[in-house]
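S.K.: Residue numbers for the sequence shown follow this note's numbering, so the first one is 15 and each next one is one higher. Here a beta-carbon is modelled for each residue, glycine too, at the ideal position from N, C-alpha and C.
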Amino acid sequence: MQLKRLGIMQRLLRKVPVYLKCLNKNKQKIGVRFISSSIPEDRVIFSGIQPTGVPHIGNYLGAIKYWVSLQQEPGKIFYSIVDLHSITIPRSDIPEHTLLSWAIGCVVPVNRLKILPQWQERMKQSKDGGHIGTFTYPVLQSADILLYKATHIPVGEDQLIHINLTNELAQVMNRRLLKPFFPRVHSISTSTSTRIRNLRDPSVKMSKSAYSEQTRIELTDSDDHIWRKIRRSVTDCTSEIAYDPENRPGVSNLIEIHCGFSNLTPDEVCADAKGLDTGQYKRVVADAVITVLAPLRQRFHRLRNDEGHLKSVLKNGADRAREVAVANWECVRRLLGLCA
Ligand code: AMP
Ligand code: TRP
Numbered sequence: 015m016q017l018k019r020l021g022i023m024q025r026l027l028r029k030v031p032v033y034l035k036c037l038n039k040n041k042q043k044i045g046v047r048f049i050s051s052s053i054p055e056d057r058v059i060f061s062g063i064q065p066t067g068v069p070h071i072g073n074y075l076g077a078i079k080y081w082v083s084l085q086q087e088p089g090k091i092f093y094s095i096v097d098l099h100s101i102t103i104p105r106s107d108i109p110e111h112t113l114l115s116w117a118i119g120c121v122v123p124v125n126r127l128k129i130l131p132q133w134q135e136r137m138k139q140s141k142d143g144g145h146i147g148t149f150t151y152p153v154l155q156s157a158d159i160l161l162y163k164a165t166h167i168p169v170g171e172d173q174l175i176h177i178n179l180t181n182e183l184a185q186v187m188n189r190r191l192l193k194p195f196f197p198r199v200h201s202i203s204t205s206t207s208t209r210i211r212n213l214r215d216p217s218v219k220m221s222k223s224a225y226s227e228q229t230r231i232e233l234t235d236s237d238d239h240i241w242r243k244i245r246r247s248v249t250d251c252t253s254e255i256a257y258d259p260e261n262r263p264g265v266s267n268l269i270e271i272h273c274g275f276s277n278l279t280p281d282e283v284c285a286d287a288k289g290l291d292t293g294q295y296k297r298v299v300a301d302a303v304i305t306v307l308a309p310l311r312q313r314f315h316r317l318r319n320d321e322g323h324l325k326s327v328l329k330n331g332a333d334r335a336r337e338v339a340v341a342n343w344e345c346v347r348r349l350l351g352l353c354a
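1) Is Ala287 near Ile244, with beta carbons less than 7 Å apart?
2) Drop a sphere of 10 angstroms on the beta-carbon of Met187, count the other beta-carbons inside from all chains shown, and report buried for 16 or more, exposed for fewer.
3) From the DSSP output, in three-state form, read off Phe48 for me.
4) Suppose contacts are defined by Cβ-Cβ distances below 7 Å. Is Val327 in contact with Tyr162 by that definition?
5) Between Ser226 and the ligand TRP, is the CB less than 6 Å from at least one heavy atom?
6) Enumerate in chain order the residues of its own chain whose CB-to-CB distance from Asp258 is below 7 Å, with the five nearest sequence positions on each side excluded.
7) If you run the structure through DSSP and keep just helix, strand and coil, what is Glu232?
8) Buried or exposed: Met220, going by 16 or more other Cβ atoms within 10 Å of its Cβ?
9) Taking His272 as the reference, which of Gly72, Arg190, Ser61 has the closest Cα?
10) Is it buried or exposed for Cys284, if we count other Cβ within 10 angstroms and need 16 for buried?
11) Can you tell me whether DSSP reads Val96 as helix, strand or coil?
12) In angstroms, rounded to a whole number, what distance separates the CA positions of Val346 and Ile91?
13) In terms of residues, what are the limits of the alpha helix (DSSP H) holding Val265?
14) Taking the beta carbon of Leu192 as the centre, do at least 16 other beta carbons fall within 10 Å, making it buried, or is it exposed?
15) In chain order, which continuous runs of the alpha helix (DSSP H) of length 4 or greater are located wholly inside the region 162-221?
16) Could you check whether the region 145-157 touches the region 178-187, counting it as contact only if at least three pairs of C-beta atoms, one from each stretch, sit closer than 8 Å?
17) Between Gly264 and the ligand AMP, is there a pair consisting of the residue's CB and a ligand heavy atom that are separated by less than 6 Å?
18) Please state the DSSP three-state secondary structure of Val58.
19) Could you tell me if Asp235 is buried or exposed, where buried requires 16 or more neighbouring beta carbons within 10 angstroms of its beta carbon?
20) Quick one: residues in its chain with C-beta nearer than 8 Å to the C-beta of Pro131, no 5 flanking neighbours on either side, listed in chain order?
21) Taking the C-alpha atoms as reference points, what is the distance between Ser94 and Ile108?
22) Compare the beta carbon distance of Ser253 and Asp291 with 7 Å and say whether it is the shorter of the two.
23) Ser359: beta carbon under 6 Å from a heavy atom of the ligand TRP?
24) Find out if the Cβ-Cβ distance for the pair Trp343, Leu98 is shorter than 7 Å.
25) What separation, rounded to the nearest whole angstrom, lies between the Cα atoms of Pro69 and Glu232?
26) How far does the alpha helix (DSSP H) with Val122 in it extend, from its first residue to its last?
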C-alpha cells in the first residue's frame, strides 16, 4: 500500500531540515489562534516531525496545519525532518544539532530528564533500562530549537513539556555563556485539535506507532479508508451528539476532528448535528475530513512523482538552515571557549 511509497519519501525527506513550502495550497482552510498575543517581526519559528511512520490527522491538526498558515506571517521559518530523533539513522546533514546537543547535555542534571513522562513511559516498557538516545532525546530537541535561536514553536499539546524544558535549558546555557544568547521560546497552538485521540481507544492519543492502522487516519488514506475508519471508531451507547471529553471521549474526539477540518466550534458542530445519531454523525465527520484531505492527497502524489523538485526543495532548505546553524554554533563554541 501507500506505506511503501511513503517510506521512500521519508527516506528522502529525513536527510535534511527542510522548508515545507509545498503545503501552501490548503491555506484557506486554516484558522490559527496564537497563544502568545503579539507577533514580533523578528520571530523565528522552528518545528519538526519524526521520519517514522505515515503522518496522520493528529499530526495535521496538531502541527502541520499551523505550519502552512504560519508561512503567511512575518518571520523566519525552519521546519525539520528530525532524523537524529529516529535512532536508526546515524547522522544528520547538519551536524551542529549534535554538537549543540552535547554542549547542552553537559549542563543538564540526569534527574531533570528522569522525571519526563515520555521517559517514564519508556522505562515501564523496556526490559534493558532504556536507551541513552531515548533518554537524551529532549536535549536534542532543545538543541534543534536553540540552534536557530527560535522564538516560536508550533507543536501539539504532547510536546509542551519539552518546550518548557527548552526554556529552562536556554537559561542554564545563557548563564554558562555569560550573556542572554538564546531568546525565550514560546509554544504556539490552535484553539482546537491539539490532541487528537486514537480512534479505537480514545483514552490515548492518535499515534504513528500504535499497533493498528485502524487507530488513526493517515494523510494518504483513500476516501473509502477514511470513511471506514471513522465508521468503526469507538463511541458509546448514547446517540446524542454532545461535546463532553471527560465522560464521552469517543464522540468528543470526532467533534474535535470535525472542528479541526471545518473551523467550526464544538457548539456550532453540536447545533448542526441536532437530531443526528452517532452513526449519521460519523458520515458528516468523514465528509469534512475527506473534503480537506482529498486535494492534499492528490497534491502529495503529484509532488511525490517529481523527485527532482523534492530533492531541490530539500537541498535549498538544508543550505539555508545550515547557514544559520553554523553561524550560531560558532558563537556558542567561542563563548564556551572551545576555540584555539
Ligand atoms: P511526531 O509524529 O511525534 O513527530 O509529531 C509531530 C507533531 O505532531 C508534533 O508537533 C506533535 O505534537 C503533533 N502530534 C502528534 N500526534 C498528535 C495528536 N494525536 N494530536 C495532536 N497533535 C499531535
Ligand atoms: N519531539 C517532536 C515530536 O516527537 C519532534 C521534534 C524534534 C521537534 N525536534 C523538535 C518539534 C523541535 C519541535 C521543535 O513530535
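M.R.: According to the structure shown:
1) When the beta-carbon positions are compared, Ala287 and Ile244 stay at least 7 Å from each other.
2) That one is buried.
3) Unreliable positioning characterises Phe48 in this predicted model, as indicated by a pLDDT of 39, which lies under 50. The coordinate reading is nonetheless provided below. Three-state result, Phe48: coil.
4) No; because the gap between Cβ atoms is not below 7 Å, this pair is not in contact.
5) Ser226 Cβ: outside cutoff for every heavy atom of the ligand TRP.
6) For Asp258, where only same-chain residues beyond five positions count, the Cβ hits under 7 Å are Ser266.
7) In the three-state reduction of the DSSP assignment, Glu232 falls in the strand class.
8) So Met220 counts as buried.
9) The shortest C-alpha to C-alpha distance from His272 to any of Gly72, Arg190, Ser61 is the one to Gly72.
10) Looking at its Cβ environment, which holds 16 or more other Cβ atoms inside 10 Å, Cys284 is buried.
11) In this structure, Val96 counts as coil in the three-state DSSP scheme.
12) Distance between the alpha carbons of Val346 and Ile91 is about 21 Å.
13) Looking at the DSSP string, the run of the alpha helix (DSSP H) that includes Val265 is 263-276.
14) Answer is exposed; the Cβ neighbour count stays below 16.
15) Here the runs fully enclosed are 174-191.
16) Contact holds: three or more Cβ-Cβ distances are below 8 Å.
17) Taking 6 Å as the cut-off, the C-beta of Gly264 does not count as close to any heavy atom of the ligand AMP.
18) Three-state result, Val58: strand.
19) Result: buried.
20) Here the set comprises Ile175.
21) Between Ser94 and Ile108, the C-alpha separation is close to 11 Å.
22) In contact: Ser253 and Asp291 (Cβ atoms closer than 7 Å).
23) Nothing about residue 359 can be read from this structure; the chain reaches only from 15 to 354.
24) No; because the gap between Cβ atoms is not below 7 Å, this pair is not in contact.
25) Here the C-alpha atom of Pro69 lies approximately 6 Å from the C-alpha atom of Glu232.
26) Following the DSSP letters along the chain, one finds Val122 in no alpha helix (DSSP H), marked with neither H nor E.
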